[in-house]
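Per my numbering: the sequence shown = residues 39 to 310.
Built from N, CA and C at the ideal position, the CB exists for glycine as well.
Just so it is clear, the structure is predicted and the values come from calculations on it, not from any experiment.
Notes follow the structure.
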Amino acid sequence: MTSPSSAEPGGTPFTMIGWGAIAQALHARLAAVPHARLDCVVVRRERVAAVRSALGPSVDVQSEVPERCRLLIECAGHSALFDHVEPALARGTECAVLSIGALHEDGLAERLADTAARGGARLHLLAGAIGGIDAIAAARFAGLDEVVYTGRKPPSGWRGSPAEQLLDLDALREPAVFLEATAREAARLYPKNANVAATISLAGLGLDATRVRLIADPGIKDNIHEVMIRGAFGEMSLTMRGRPLPDNPRTSALTVLSAMRFLANRTGALAI
């Protein structure tokens, strides 16, 4: 893997897939990551002209990942893993992804890992909206007995998802559990809301052994994530109240900060 290159003029260049709420929020905060430089944004062909106009001449905008790319961050959604990340890994491009929920598909995580190995690349699964992933992944080496994730969001956070068919989101007066399932099933049904469940499961017991509860709660404004794990290491309980992005209530602001942390670790001299 390329060593940190803060000596490069302007910092280490990277390409970003997507120009939605997450990508735009990351771009707006890049001044806090001085050794990283956005070189190119990849969007659908029909959006290239509009995004190019929004970004100006300092950032390239393309519909495909350029051959020169050596560091790629996915902020676009699940289809980007197939359309852009997998081919980039095959070419040897180091990739970091936020759309972990897509890995609920049988064999996809292994397929991407195999592609990375054959291409001589590394694939990073970013923690996104949840903390404690380092502890879960470390505890796995001693053996885990149970991992349970509970996701609570205000009703507005579940709009545009299958929860709308199960609940009258506008009429809720008390918390309602609308899904109890495995992490694989949760990620399949709620791919835009359940990246956290998939991330926790891939760090720990896997998609089929991790239990998930999803709740619509009219009494809260923040997204609340609760994780309980038990194993040979002991027990851990984690509760996080994540503020959503102002223009996308289904996405935690910490997701953007997670991408910033990756860039800072990848491009700086000190990683933590």
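- Message: Out of Val215, Gly139, Gly242, Arg82, which one is the CA nearest neighbour of Arg251?
- Response: Working through the sequence shown from its first residue, we reach residue 251 at position 213. The shortest C-alpha separation from Arg251 is found at Val215.
- In the DSSP assignment, what residue or residues form a beta bridge with Gln100? For the purposes of this step, residue 100 is identified with residue 62 of the sequence shown, where counting begins at 1. Gln100 pairs with Val80.
- Message: Given this structure, state the Cα-to-Cα distance separating Asn261 from Pro229, to the nearest angstrom.
- Response: Taking the first residue of the sequence shown as position 1, residue 261 is located at position 223. Taking the first residue of the sequence shown as position 1, residue 229 is located at position 191. Between Asn261 and Pro229, the C-alpha separation is close to 16 Å.
- Query: Buried or exposed: where does Pro192 fall if 16 or more other Cβ atoms within 10 Å of its Cβ makes it buried?
  - Reply: If you number the sequence shown from 1, residue 192 lands on position 154. It is buried - the Cβ of Pro192 has at least 16 other Cβ atoms within 10 Å.
- For Glu112, count neighbouring Cβ atoms within 10 angstroms of its own Cβ and tell me buried if that reaches 16, exposed if not. Walking along the sequence shown from the start, residue 112 turns up at place 74. By the 10 Å Cβ count, Glu112 comes out buried.
- Query: Does the count of Cβ pairs from the segment 202–216 and the segment 242–249 closer than 8 Å reach three?
  - Reply: no
- Message: For a minimum of 3 consecutive residues, which ranges assigned as the beta strand (DSSP E) are wholly contained in the segment 90–177?
- Response: 98–100, 109–112, 132–135, 161–163
- To the nearest angstrom, how far is it from the Cα of Gly181 to the Cα of Gly48? For the purposes of this step, residue 181 is taken as the residue at position 143 of the sequence shown. For the purposes of this step, residue 48 is taken as the residue at position 10 of the sequence shown. If I take the Cα positions, the gap works out to 44 Å.
- How far does the alpha helix (DSSP H) with Leu301 in it reach, from first residue to last? As a first step, residue 301 is located in the sequence shown; it is residue number 263 there, counting from the start. From DSSP, the alpha helix (DSSP H) with Leu301 extends over 291–305.
- Task: Please look up how many angstroms separate the CB atoms of Leu110 and Val103, rounded, as I've assumed it's under 8 Å.
- Result: If you number the sequence shown from 1, residue 110 lands on position 72. If you number the sequence shown from 1, residue 103 lands on position 65. With a Cβ gap of about 6 Å, Leu110 and Val103 count as contacting.
- Message: I'd like the span of the alpha helix (DSSP H) that includes Val234, first residue to last.
- Response: As a first step, residue 234 is located in the sequence shown; it is residue number 196 there, counting from the start. 233–241 is the extent of the alpha helix (DSSP H) around Val234.
- Item | Three or more C-beta pairs below 8 Å linking the segment 166–177 and the segment 289–296 | yes
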